[in-house]
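Novice:
Residue numbers (our numbering), protein chains in the order written: chain A, 1 to 171; chain B, 1001 to 1381.
As structure tokens, then:
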């Protein structure tokens, strides 16, 4: 592939999967700045490893996989531990909403807050399954865990969500 | 109005669609800015250009290697033909002193065991009446392959070959051990004390606590293994609790083993690796597993009941009403096996930190007889 073809290809991948990468990184790292770093680094790694991509998994699985690995590196790094993370980046616009819309929004807000409070391993799996709509096999590839573990973590994540929301009501 | 929202109703009715919707709404505002896209593409462009340059350099280097090696070899042969005998004699003389100086420079790094004994004060964060006697751990180890037991005997934990299967020496009888429900409060207090002592914020999940079964106290030799009708004959009836402590990512960072013991019993073995925790008039011997990091990253299913259950189902194993599942320590807390029994069928799933030592594959289901055959062959080598 010539450099100009490669540039075009990378532009396509950035356009197609860029937001997915930014979203998964934000969900895992809970930090806009770190997520943007991961976004850039992900596509640099895509450039470096493009020739090695054999299409065994879909482009999306391959790229998300790189992003998740980078997030894990960030989580492990000492620098990350000094960064104050926030989960207040999920905001909603409130204009002239009806009572019903406000209630629906509170539902979603409560649920998204609970998702963001899940331990990382459950949060990332909930995002990949429900938001990225990836199948168990693809998630297993991305997270490098057996399919059974994906299923059980999903199951456990749902239980935790129920408990957290029920717990908040009682607390 | 939003405040009057009934959360109990929501907790009982969270559907997949609601989770999807919540994520869609919550993440809808997260989009890469034009600046981020542009700067990323610029960096990628630079990377592509650099890659092109490197490719050219690589091509030159490949040519150099291809042509350079025969040319250099030819030159060397020519030089040897001219200077042959003279060259070899001077080379040997030069080599001898170098070898002896190398031997002399090897330093003998000694590793000092500090067996200081201290008691930490209670703190407000601790469980009531919880404190800890601490055997100070050595800062660094220069040999991971051995440790001292209470009698000062050096025991091999991670060997290059193995002659018998052994479990950790810290153990109590399974029959008299209080249930997990009874002990869990104490395990939480142990977790708090561990965190306080190590400056960590690890957590313990009740579902992940495991009772690990131990093998016969005398160890299991090849003969014992081969002659055992099934795995029950190599188990001792004792065991210990394994407490996998997770970080905020949910990853296992350390696995502690815990055993309640009678402090007045002089025969209870306590090693330099153990810490004694006193919680509400009960004493526990607590030690971290050496391979906690590896276990946490590669063998985590061992301590996640749902994952283990799912993994075994995926292998095609059919559970029955009488299915028994036991986790056993087969190499001083470094290697484990999951033992399964349904009806007359006995199976084993290895969870080893060193697969080559036993000749079996991790997370693969074996018939007990098949496992015994392979492992006893490996033990004989």
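Where a beta carbon is used, it is the ideal one built from N, C-alpha and C, also for glycine. None of the values given here were measured: they were computed from a predicted structure.
Can you list, in chain order, the residues of the segment 1016-1027 of chain B whose Cβ is nearer than 8 Å to any Cβ on chain A?
Specialist: Listed by position, the residues of the segment 1016-1027 of chain B near chain A (Cβ gap below 8 Å) are 1016, 1018, 1019, 1020, 1021, 1022, 1023, 1024, 1025, 1026 and 1027.
Novice: Buried or exposed: which applies to residue 1/A, given that a residue is buried once 16 or more other Cβ atoms fall within 10 Å of its Cβ?
Specialist: Exposed.
Novice: Report the residues of the segment 1231-1250 of chain B with a CB closer than 8 Å to any CB of chain A, ordered along the chain.
Specialist: Result list: 1246, 1248, 1249 and 1250.
Novice: Check whether the segment 1219-1227 of chain B touches the segment 1190-1205 of chain B, taking contact to mean three or more Cβ pairs, one atom from each stretch, closer than 8 Å.
Specialist: The answer is no - the segment 1190-1205 of chain B does not touch the segment 1219-1227 of chain B, with fewer than three Cβ pairs under 8 Å.
Novice: Under a Cβ-count criterion, where at least 16 other Cβ atoms within 10 Å of its own Cβ denotes burial, should residue 1028/B be classed as buried or exposed?
Specialist: Exposed, since its Cβ has fewer than 16 Cβ neighbours within 10 Å.
Novice: Taking residue 1378/B as the reference, which of 1240/B, 1161/B and 1352/B has the closest Cα?
Specialist: Comparing Cα positions, the closest option is 1161/B.
Novice: Residues of chain B with CB closer than 7 Å to the CB of residue 6/A, please, in chain order.
Specialist: What residue 6/A touches in chain B: 1048.
Novice: Compute the beta-carbon to beta-carbon distance between residue 125/A and residue 157/A, rounded to the nearest angstrom, for a pair I have assumed lies under 8 Å.
Specialist: At roughly 6 Å, the Cβ-Cβ gap stays under 8 Å, so residue 125/A and residue 157/A are in contact.
Novice: List the residues of chain A whose Cβ lies closer than 8 Å to the Cβ of residue 1311/B, in chain order.
Specialist: The contacting residues are 146, 148 and 149.
Novice: By Cβ distance below 7 Å, which residues in the same chain neighbour residue 1360/B in space, the five residues on each side in sequence not counted?
Specialist: Within the same chain, residue 1360/B has close Cβ partners 1350, 1366, 1371, 1374 and 1375.
Novice: Run down chain B in chain order and give the residues with a C-beta less than 9 Å from the C-beta of residue 48/A.
Specialist: Ordered by position in chain B, the residues that pass the 9 Å Cβ test against residue 48/A are 1047 and 1051.
Novice: Buried or exposed for residue 1226/B, please, with buried defined as at least 16 other CB atoms from any protein chain shown within 10 angstroms of its CB.
Specialist: When all chains shown are included, residue 1226/B counts as exposed.
Novice: I believe residue 1301/B touches residue 1292/B by the beta-carbon criterion, under 8 Å. Please report the beta-carbon distance rounded to the nearest angstrom.
Specialist: No, residue 1301/B and residue 1292/B are not in contact; Cβ-Cβ is about 15 Å, not under 8 Å.
Novice: Tell me which same chain residues have a C-beta within less than 8 Å of the C-beta of residue 1017/B, skipping the five on either side of it?
Specialist: Once the five neighbours on either side are set aside, residue 1017/B has no close Cβ partner at all.
Novice: What span of residues does the alpha helix (DSSP H) with residue 6/A cover, start to end?
Specialist: Residues 3-29.
Novice: Considering only residues of the segment 1209-1265 of chain B, which uninterrupted beta strand (DSSP E) runs meet the minimum length of 3 residues and lie entirely inside it, listed in chain order?
Specialist: Qualifying beta strand (DSSP E) stretches, in chain order: 1210-1215, 1235-1246 and 1252-1261.
Novice: Closer than 7 Å, Cβ to Cβ, to anything on chain A: give me those residues from the segment 1348-1380 of chain B, in chain order.
Specialist: Residues: none.
Novice: Among the candidates 1041/B, 1258/B and 1340/B, whose CA atom is the shortest distance from the CA of residue 1313/B?
Specialist: Of the candidates 1041/B, 1258/B and 1340/B, the one whose C-alpha sits nearest the C-alpha of residue 1313/B is 1340/B.
Novice: Alpha carbon to alpha carbon, how far is residue 1257/B from residue 1242/B? Give it in angstroms, no decimals.
Specialist: Distance between the alpha carbons of residue 1242/B and residue 1257/B: 5 Å.
Novice: Counting only Cβ pairs nearer than 8 Å, list the residues of chain A close to residue 1031/B.
Specialist: Those are 19 and 22, listed as they occur along chain A.
Novice: Under 7 Å between beta-carbons, which chain A residues line up against residue 1040/B? List them in chain order, please.
Specialist: Ordered by position in chain A, the residues that pass the 7 Å Cβ test against residue 1040/B are 14, 39, 40 and 43.
Novice: List the residues of chain B whose Cβ lies closer than 8 Å to the Cβ of residue 75/A, in chain order.
Specialist: The answer, in chain order, is 1249.
Novice: Should residue 1185/B go down as buried or exposed, given a rule of 16 or more other Cβ atoms within 10 Å for buried?
Specialist: Looking at its Cβ environment, which holds fewer than 16 other Cβ atoms inside 10 Å, residue 1185/B is exposed.
Novice: Would residue 1329/B be called buried (16 or more neighbouring beta carbons within 10 Å of its own) or exposed?
Specialist: Buried, by the Cβ-count rule.
Novice: Is residue 1332/B helix, strand or coil when you go by DSSP?
Specialist: Residue state, collapsed to three classes: coil.
Novice: Can you find a CB in chain B that lies within less than 8 Å of the CB of residue 189/A?
Specialist: The first residue shown for chain A is 1 and the last is 171, placing residue 189/A beyond what the model contains.
Novice: How many Å lie between residue 1255/B and residue 1288/B at the Cα?
Specialist: Distance between the alpha carbons of residue 1255/B and residue 1288/B: 6 Å.
Novice: Can you give the Cα-Cα distance for residue 1232/B and residue 1212/B, rounded to whole angstroms?
Specialist: Rounded to the nearest angstrom, the two C-alpha atoms are 14 Å apart.
Novice: Based on the DSSP output, what are the partners of residue 1378/B in its beta bridges?
Specialist: Beta-bridge pairing links residue 1378/B to no other residue.
Novice: Name the residue from 1014/B, 1286/B, 1304/B and 1214/B whose alpha carbon lies nearest to the alpha carbon of residue 1252/B.
Specialist: Closest option to residue 1252/B, Cα to Cα, is 1304/B.
Novice: Chain B beta carbons: is any one of them nearer than 8 Å to that of residue 130/A?
Specialist: Taking Cβ atoms only, chain B reaches closer than 8 Å to residue 130/A, which makes this a yes.
Novice: Using beta carbons (cut-off 8 Å, strictly below), is residue 1007/B in contact with chain A?
Specialist: Caution is warranted here: a pLDDT of 43 is assigned to residue 1007/B, below 50, making its placement in the model unreliable, and the coordinate value is therefore given only provisionally. Chain A contact via Cβ: present.
Novice: If you drop the 5 nearest sequence neighbours on each side, which residues of the same chain put their C-beta closer than 6 Å to that of residue 22/A?
Specialist: So the qualifying residues of the chain are 35 and 39.
Novice: For residue 161/A, go through chain B and note every residue whose CB falls closer than 7 Å to its CB, in chain order.
Specialist: In chain order: 1014.
Novice: Can you tell which of 13/A, 30/A and 119/A has its C-alpha closest to the C-alpha of residue 164/A?
Specialist: Per the Cα distances, 119/A.
Novice: Please check if any C-beta of chain D sits within less than 8 Å of the C-beta of residue 1037/B.
Specialist: Reference to chain D is not applicable here, since the protein chains of this structure are A and B.
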